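Undergrad: Count the sequence shown with full-length UniProt numbering and you get residues 1 to 567, in order. Built from N, CA and C at the ideal position, the CB exists for glycine as well. Being a predicted model, the structure only gives us computed values, none of them experimental. Can you keep this structure in mind? I'll have questions shortly.
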Amino acid sequence: MLRKRLNQISLYQRIQLSFIIFIILPFAIITYNTYTSIRENVARNVKETNLNTVDVIADNLNKTVESILFTSLYFAELKDTEMLESLRVLSESTRFSDYDKYRHYRRLSEMSSVLMTQTIDADLRMFMLNAQNRIIMGNLNQPMFSLFLDESFQSAGSIHTDGQSYMQWFSWQDESRTYYYAAKNIKDPVTQTHLATLYIGIPETYFKKQFQSASGTMKLLDQQGDVIVSYASLKNDSEEWIHTEKVINNLGWKLVYDTPISQEETLVSQEFLFSFLSIGSFFILFLVFSIYLARRITTPIYHLRNTAKRYVAGDRDIRMKVQGRDEMALLGNVFNRMLDDINRLIEQVETEQEEKREIEMQALFSQIRPHFLLNTLNSIKVELLMAGDTVHSQILASLISLLRSYVRAHEPSTLEEECRLLESYLKIMHIRNRLEIDFCRHLTQEAANFQIPRLMLQPIIENAVIHGFAMHPEHARIRLDADMIGRKLFITISDNGRGMPEDKLQELIVKLQQQREGEDSSAHGIGLINVIRRLKLAYGNEASLKVRSNDDSGLTFELEIPCHKML
C-alpha cells in the first residue's frame, strides 16, 4: 500500500519526503539513544585501541619466540657438519684439555651469539649442558665446564636425555629473577645419542616491559590456559570490562587484555554533548537547503521527460537544452546524440526497405527472363536436332550451358565443371570470331573435385581470347594445369598469344596487388581485378593471383588457393 502511494507522487515530492525522513527521524532517534550509541562507539574505539596494543605486543612476543624456536631448531637438526663435530667433541668433555676443545667451544659460542642477535633487547638467558651436565655454552655467571647440579631446575622442565627431542616450556625462579624457560634435547642425528640440552629463558621483566603500555590488566596464558605472567590489577567481576585477546601463532599462547569501561565515562559525556549540538546545527542547515537541492536535481529530469514525450509524439527535431557540465548535462548530451542516431536509423531503415522492395521486384523479373530465354533456346536446340543439324545444336548447347552458369553464378562449382564451362565458352567464341583455339587441361583427381566460385576462371580465358589472340594466330593454344600441393590448390593458365609489353605487364601486376581498376575501362585488368577480388572474398588474404610472361611469348596466370571452405 505504501509503495503504491509512493509511486503516485512526483520525484520532487519523493526527494522532499526523503529529506524529512532521513533528517527528522535520525534526529529523534539520536535524541533518545545518543548516550547509548556514543557509549558503544567509545567502547568500540577503546577495543580497537586495545586490539592495536595487543597486536603490537603479540608481534614483539612472536618475534622473540620465533628467534628461540629457530635457535633450538638449528641445534636440534644439526645440518651444519662443523657444529655437529663441535657438539660431539664437547658432549663428554669436562675441561679444556687441549686447544682443539677450546676452538670447538669458541665456534659454539659465536654461533649462539649470532642466532640470538635479534633478541638482544630481551635480555634472554641461554646456556647449554652437555651429557655430563656441564656448561659448554651460555651467558650464566659460571665458568665453562662447571658442573650444573640444580636438580630441581632440571626436574621442573621434565627434560630426560632418553626422551623425544621436543621443546619443553617451564617457569623457574632463582634468587633474584623469574624466568620462563624453553628446554630442548639435542641428539646426534646419526647415532641418536644424547649430546646436550639447550635452555633459553625469557625474564619476567621482559614481559612486564612489553605490558607497561597497557592501562588495564594484561595476562599471558600458555597453551593449557595457565598464567605465564600477569601485569596490573586483577579482574574485578563487579565492573564492566572490555575484553581483548589474541593467540600467538607459534606456540598457541594467548595474550589477554582487559580494561574497565568506567574510565571512559567522561569521554562519553563530552562526545554526547558535542554530537547533540552538531546534529542540531546541521539539521537546520539541511532543512534550508533541501528544497533548493531537490529543485536542482529534478528540473533537468523534467526537461528530459518532456523532450522524450514530444519526440514520441512525432516531433523529431526536438532536443533537450543542456546547461553546465555535471552528470545531468552529460546525460542530456548522450540523450540528444541518441535521438540523432534514432533519426538516422529510421531514415536508414526506410531507405533499406525501399531498396529491398526494388531488389525483390528486380529479382522476380530476373528469374523470369533467364528461364524464359533458356527454355526458348532449349526448344530451338531440340528442333535443330530433329532436323539433323547437329553443328548448330551443339553451339546452342554450349550457349545454354554458359547462360545456365550465369544464372547460377552465386553457386560454387568444381574445377572439372568450370573447365567444361570454359570449353563451351571457347566453342561460342570459335563461332563468333572464327578462331579455333586448342584448349588443353591437366587436372589431378583431387584438384578436379575442388570447389571454386562459378565463372571465376572465365575472365582469364576471355582476356586471352580478346587480347592475346586478337591477331588470329594459326595455332592458338590455352593450357590449364591444376594440382594440390600441401594444403593449397595451384592453378596455372598459359596461352601463346601476343603477350604484353613489359611496362604494361608491370602496371597490370601493380593493379592486381592493389586490387584497383585502371583509368581505361577497356584495359586488360578489369576482369582480372574481379577475379582477385572474388578470390579474396571467398578464401581470404591467403589467396593470390599472379601474372608473368612465358616462353611462348604469351602470358601465364598463377592462382594460389588455400584448402578450406569458402567464406
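1. For T119, count the other beta carbons within 10 Å of its own beta carbon; 16 or more makes it buried, fewer makes it exposed. Which is it?
2. Are there 16 or more other CB atoms within 10 angstroms of the CB of V288, so buried, or fewer, so exposed?
3. M320 and T307: beta carbons closer than 7 angstroms?
4. Assess, as a yes-or-no matter, whether the stretch 527-534 is touched by the stretch 420-440 under the definition of 3 or more beta carbon pairs within less than 8 angstroms.
5. Buried or exposed: where does K504 fall if 16 or more other Cβ atoms within 10 Å of its Cβ makes it buried?
6. Can you list the beta strand (DSSP E) stretches of 3 or more residues lying completely in the UniProt domain "Histidine kinase" (457-565), in chain order?
7. Is it buried or exposed, I485, if we count other Cβ atoms within 10 angstroms and call 16 or more buried?
8. Drop a sphere of 10 angstroms on the beta-carbon of G280, count the other beta-carbons inside from all chains shown, and report buried for 16 or more, exposed for fewer.
9. For E245, which of helix, strand or coil comes out of DSSP?
10. Looking at P189: is its Cβ nearer than 7 angstroms to the Cβ of L90?
11. Assuming contact is defined by CB atoms lying nearer than 7 angstroms, are P453 and A538 in contact in what I supplied?
12. What's the C-alpha gap between Q323 and Y311?
13. Hey, could you find the ends of the alpha helix (DSSP H) M429 is sitting in?
14. Using the beta-carbon count (16 or more within 10 Å), is residue 575 buried or exposed?
15. Would DSSP call Q132 helix, strand or coil?
16. Which same chain residues, not among the five before or five after N60, have their C-beta less than 8 angstroms away from its C-beta?
17. Is the beta carbon of M137 less than 7 angstroms from the beta carbon of L115?
18. Confirm, please, whether the CB-CB distance from E204 to V229 is below 7 angstroms.
19. Within 10 angstroms of its Cβ, does Y102 collect 16 or more other Cβ (buried), or is it exposed?
20. Would you call N33 buried or exposed, if buried means 16 or more other Cβ atoms sit within 10 Å of its Cβ?
21. Please list the segments of the alpha helix (DSSP H) lying wholly inside the stretch 71-123, counting only runs of 4 or more residues, in order along the chain.
22. Cβ atoms of G201 and R125: under 7 angstroms apart, would you say?
23. So what's P143 in DSSP terms, helix, strand or just coil?
24. What is the DSSP secondary structure of S18, reduced to helix, strand or coil?
25. Comparing alpha-carbon positions, which option in Q451, A447, G554 lies nearest D481?
26. Compute the Euclidean distance between the alpha carbons of L443 and P473, then round it to the nearest angstrom.
27. Return the bridge partner residues of S171 from the DSSP annotation.
28. Where L559 and A470 are concerned, what is the direct C-alpha to C-alpha distance, given to the nearest angstrom?
29. How far does the beta strand (DSSP E) with F197 in it extend, from its first residue to its last?
30. Locate the beta strand (DSSP E) running through Q451, then write down its first and last residues.
31. Pop quiz: Q451 and P412 are said to be a contact at Cβ under 8 angstroms. What is the actual Cβ separation, rounded to whole angstroms?
32. Give the straight-line distance between the Cα atoms of F147 and D98, rounded to the nearest whole angstrom.
33. Under a three-way DSSP split, which group does S238 fall into?
34. With a threshold of 16 other CB atoms inside 10 Å of the CB of D340, please say whether the residue is buried or exposed.
35. Within the same chain, show all residues whose beta-carbon is closer than 7 angstroms to that of S549, passing over the 5 residues directly before and after it, in chain order.
36. Would you decide whether M128 is buried or exposed? Buried here means 16 or more other CB atoms lie within 10 Å of its CB.
TA: Looking at the coordinates:
1. What you label residue 119 is simply residue 119 of the sequence shown in a count that begins at 1. Counting Cβ neighbours within 10 Å, T119 comes out buried, since at least 16 surround it.
2. Reading the sequence shown from its first residue, position 288 is the one you call residue 288. Exposed, since its Cβ has fewer than 16 Cβ neighbours within 10 Å.
3. One-based indexing of the sequence shown puts residue 320 at position 320. One-based indexing of the sequence shown puts residue 307 at position 307. Closer than 7 angstroms, so yes.
4. no
5. Residue mapping note: residue 504 aligns to position 504 of the sequence shown, counting from 1. Label assigned to K504: exposed.
6. 476-485, 488-495, 544-549, 555-562
7. Reading the sequence shown from its first residue, position 485 is the one you call residue 485. I485 comes out exposed.
8. Here residue 280 is taken as the residue at index 280 of the sequence shown, counted from 1. It counts as exposed.
9. Your numbering for residue 245 matches position 245 in the sequence shown. E245: strand per DSSP, three-state reduction.
10. In the sequence shown, the residue the question calls residue 189 occupies position 189. In the sequence shown, the residue the question calls residue 90 occupies position 90. Result no, Cβ atoms of P189 and L90 do not sit closer than 7 angstroms.
11. Indexing the sequence shown from 1 puts residue 453 at position 453. Indexing the sequence shown from 1 puts residue 538 at position 538. Yes, Cβ-Cβ distance for P453 and A538 is below 7 angstroms.
12. Start at 1 with the first residue of the sequence shown, and residue 323 comes out as number 323. Start at 1 with the first residue of the sequence shown, and residue 311 comes out as number 311. About 20 angstroms.
13. For this step, residue 429 is matched to residue 429 along the sequence shown. M429 -> alpha helix (DSSP H) spans 415-433.
14. In the structure as shown, the chain begins at 1 and stops at 567. Residue 575 is therefore absent and cannot be evaluated.
15. Position 132 of the sequence shown holds residue 132. Of the three classes helix, strand and coil, the one that applies to Q132 here is coil, per DSSP.
16. Within the sequence shown, the letter at position 60 stands for residue 60. So the qualifying residues of the chain are Q210.
17. For the purposes of this step, residue 137 is identified with residue 137 of the sequence shown, where counting begins at 1. For the purposes of this step, residue 115 is identified with residue 115 of the sequence shown, where counting begins at 1. Cβ distance not < 7 angstroms, so M137 and L115 don't count as in contact.
18. Your numbering for residue 229 matches position 229 in the sequence shown. Your numbering for residue 204 matches position 204 in the sequence shown. Contact: yes.
19. Within the sequence shown, numbered from 1, the residue matching residue 102 stands at position 102. Exposed, since its Cβ has fewer than 16 Cβ neighbours within 10 Å.
20. Reading the sequence shown from its first residue, position 33 is the one you call residue 33. It counts as exposed.
21. 81-91, 99-115
22. Here residue 125 refers to the residue found at position 125 of the sequence shown. Here residue 201 refers to the residue found at position 201 of the sequence shown. Going by C-beta atoms, R125 is nearer than 7 angstroms to G201.
23. For this step, residue 143 is matched to residue 143 along the sequence shown. Reduced to three states, the DSSP call for P143 is coil.
24. On the sequence shown, residue 18 is found 18 positions in, with the first residue counted as 1. Of the three classes helix, strand and coil, the one that applies to S18 here is helix, per DSSP.
25. On the sequence shown, position 481 is the one that residue 481 refers to. Per the Cα distances, A447.
26. As a working mapping, residue 443 is identified with position 443 in the sequence shown. As a working mapping, residue 473 is identified with position 473 in the sequence shown. Distance between the alpha carbons of L443 and P473: 26 angstroms.
27. Here residue 171 refers to the residue found at position 171 of the sequence shown. The partner list for S171 (beta bridge, DSSP) reads Y180.
28. Locating residue 559 in the sequence shown gives position 559, where the first residue counts as 1. Locating residue 470 in the sequence shown gives position 470, where the first residue counts as 1. The straight-line gap from Cα to Cα measures roughly 24 angstroms.
29. If you number the sequence shown from 1, residue 197 lands on position 197. According to the sequence displayed, residue 197 carries Thr and not Phe. Taken as a continuous stretch (DSSP letters only), the beta strand (DSSP E) holding T197 covers 194-203.
30. Locating residue 451 in the sequence shown gives position 451, counting from the first residue. Segment 451-453, the beta strand (DSSP E) holding Q451.
31. Within the sequence shown, residue 451 is the residue found at index 451, counting from 1. Within the sequence shown, residue 412 is the residue found at index 412, counting from 1. Confirmed, about 5 angstroms.
32. Here residue 147 refers to the residue found at position 147 of the sequence shown. Here residue 98 refers to the residue found at position 98 of the sequence shown. The sequence shown places Leu at residue 147, rather than the Phe named in the question. So the alpha carbons of these two residues sit roughly 19 angstroms apart.
33. Working through the sequence shown from its first residue, we reach residue 238 at position 238. Annotation note: pLDDT 46 at S238 (below 50); position unreliable, no value reported.
34. Here residue 340 refers to the residue found at position 340 of the sequence shown. D340 is exposed by the Cβ-count criterion.
35. The residue labelled residue 549 in the question sits at position 549 within the sequence shown. The residues are G499, L505, L555.
36. If you number the sequence shown from 1, residue 128 lands on position 128. By the 10 Å Cβ count, M128 comes out buried.
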